[in-house]
Structure formats: C-alpha cells, structure tokens
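Structure, as structure tokens:
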Amino acid sequence: MNRDDLKNILDELQRGERKVDEVVDLLDHMPFRDLGIAHLDTHRSLRSIMGEVVFALGKEISDIEVILHGLLEHEDNILVTRLEACKAEVLQTKFPQFEYHAAGQYFVKIGQEISNQGRGSVLLVTAGTSDLRVAYEAEITLKMMGQRCEKLVDVGVAGIHRLLAYREKLMAAEVLIVIAGMEGALPSVVAGMVDKPVIAVPTSVGYGAAFGGVAALLGMLNSCAGGVGVVNIDNGFGAAYLAGLINRK
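The numbers in the sequence shown follow the numbering used here, run straight up by one, and end at 253.
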C-alpha cells in the first residue's frame with residue numbers, strides 16, 4: 005500500500021463507499037505483519053518511495069515463498085534481488101506473474117504502472133562487461149523507483165578513449181552510478197569530468213589481489229576527485245536507491 009492507495013481508501017470512506025470496519029480490516033496489518041520467519045514491512049511504501057525489497061541471498065526457497073505471498077496481499081510491484089537461478093526455477097512455477105532476469109539475478113513483478121519520479125536521468129557506467137550484473141540490479145531498482153536511466157558499458161580506464169567519446173552523455177546525467185572492479189579507478193576519472201554527484205560501486209570482479217572487491221572499495225574511498233560517494237561491494241541496489249533519492253522531483 006502506498007500513499008495514493010491510502011488516500012483513495014480514506015476518500016471512499018468519506019464518501020460512504022466503504023464501511024469503517026472494512027477500512028479497519030484493510031489497515032489491520034499496518035505498520036507490519038508477522039509472518040513467523042519475517043516481519044513484513046507493509047508500511048514502507050507509505051513513508052518511502054518504494055515498498056519492501058526482498059534480499060534472497062541466504063534465504064530458503066520456502067521462506068521466500070512465505071514472504072512473497074505476504075507481499076502480494078499488499079503490493080502490486082515487488083522486487084526480489086540476489087536470487088540464484090536454481091531458486092528462481094522453483095519459484096517461477098509458483099509465481100508465474102513474476103519475471104526472472106538471470107544476468108541481474110532479480111525476480112520482479114510490475115503490476116501497476118510506475119510514473120516518472122525523477123528530475124533528470126541517472127547514468128549507469130560500468131568499467132567492464134563483467135560488472136553488468138551489478139548494473140542490472142541498479143537498473144531494475146531505478147525502474148521500480150520511477151527513475152529514468154541509461155547504461156554506458158565497458159568504458160574502463162584500460163581504454164580511457166572509450167569513456168572520453170561519451171563526454172556529452174556523462175555531462176547530461178543528473179546523477180551517475182559508476183561501477184568498477186579491479187583497482188576501482190573509474191569513479192575518480194568520471195567525477196573529474198562532471199559536476200554532478202557520482203555514486204561509486206566497487207565490484208568483486210578482479211584477480212586474487214583484488215580481495216573480492218576490497219581493493220576497488222579502498223581505491224574509491226581514497227578518490228582524489230570531489231563529489232564521490234561510495235556504497236558497499238556489489239551493492240547495485242543501494243547505489244540506485246541513493247541515486248533515486250537524489251534525483252527525485
């Protein structure tokens with residue numbers, strides 16, 4: 005339930021189209037619902053710009069099922085992130101209204117049109133093709149938040165001329181999410197070229213000394229360019245959520 009849904013319910017009550025007891029039943033599970041294995045935050049879309057998102061990594065399939073059944077009673081648009089293909093295969097048979105994006109490891113249902121909530125566009129920039137999984141997670145999160153976005157893929161510092169060819173696109177974005185593994189240098193380069201916020205996302209892409217993304221994380225935290233904020237390793241969702249807050253109308 006979001007703010008518009010709540011307003012409609014109260015308007016219907018005021019017009020006499022709903023009974024008080026009926027509205028009480030509708031609001032009975034606010035602000036949360038105890039599912040046993042989770043406390044479903046049914047109030048989140050009222051106080052935030054999107055409802056609760058399910059982080060699937062580490063959850064049993066049966067637990068995800070319970071959570072999705074609970075969410076379907078309250079939300080039209082639902083996003084599940086970090087869902088492995090083996091779990092998605094099982095869940096798809098039970099929730100055919102959802103779509104699975106294997107490359108982005110997300111499971112999504114969009115049952116209600118999402119209006120544009122952004123002032124401008126968000127640009128997703130990846131250093132390499134190997135960083136795309138994180139970019140896809142950010143992309144669907146932005147879509148769920150009503151944010152327009154574009155992707156600029158495989159323009160890392162190993163061939164800096166590729167990035168420079170898109171200078172106008174970089175300058176046109178309201179917020180930039182820059183995703184890189186290895187040494188994590190790309191956000192500093194981009195931030196040195198633009199006058200807009202840059203959200204840096206280190207990825208776990210890299211050889212042994214990359215330490216699963218720690219090297220990129222430290223490189224981004226030590227950026228010499230101003231205007232760079234850093235989220236956690238592989239956290240495309242967190243980067244997109246922050247970008248959506250910055251860019252919202």
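Ideal Cβ positions, reconstructed from N, Cα and C, are used throughout, including at glycine.
Your pair G132 and G115 does not check out as a contact, with CB atoms roughly 35 Å apart and the cut at 8 Å. Around the beta carbon of A92, 16 or more other beta carbons sit within 10 angstroms, so the residue counts as buried. Taken in chain order, the unbroken stretches of alpha helix (DSSP H) that lie wholly in the segment 88 to 163 and span 4 residues or more are 89 to 98, 136 to 148.
For N81, the beta-bridge partners assigned by DSSP are I114. When the alpha-carbon of M148 is set against those of Y110, V198, V24, the nearest one is in Y110. The beta-carbon separation of P201 and V179, rounded to 5 Å, stays under the 8 Å limit for a contact. Annotation for G233: P201, V202, I203, A204, L246 place their beta carbon closer than 8 Å to its own, counting only its chain and skipping 5 residues before and after. Distance between D25 and V57, taken at the CA atoms: about 30 Å.
Following the DSSP letters along the chain, one finds G233 inside the beta strand (DSSP E) bounded by residues 232 to 234. Out of V218, E69, H165, the CA that lies nearest to the CA of N239 is found in V218. Pairing V235 with G248, the inter-Cα distance amounts to about 14 Å. Counting C-beta atoms within 10 angstroms of its own C-beta, I164 has fewer than 16 neighbours from the protein chains shown and is therefore classed as exposed.
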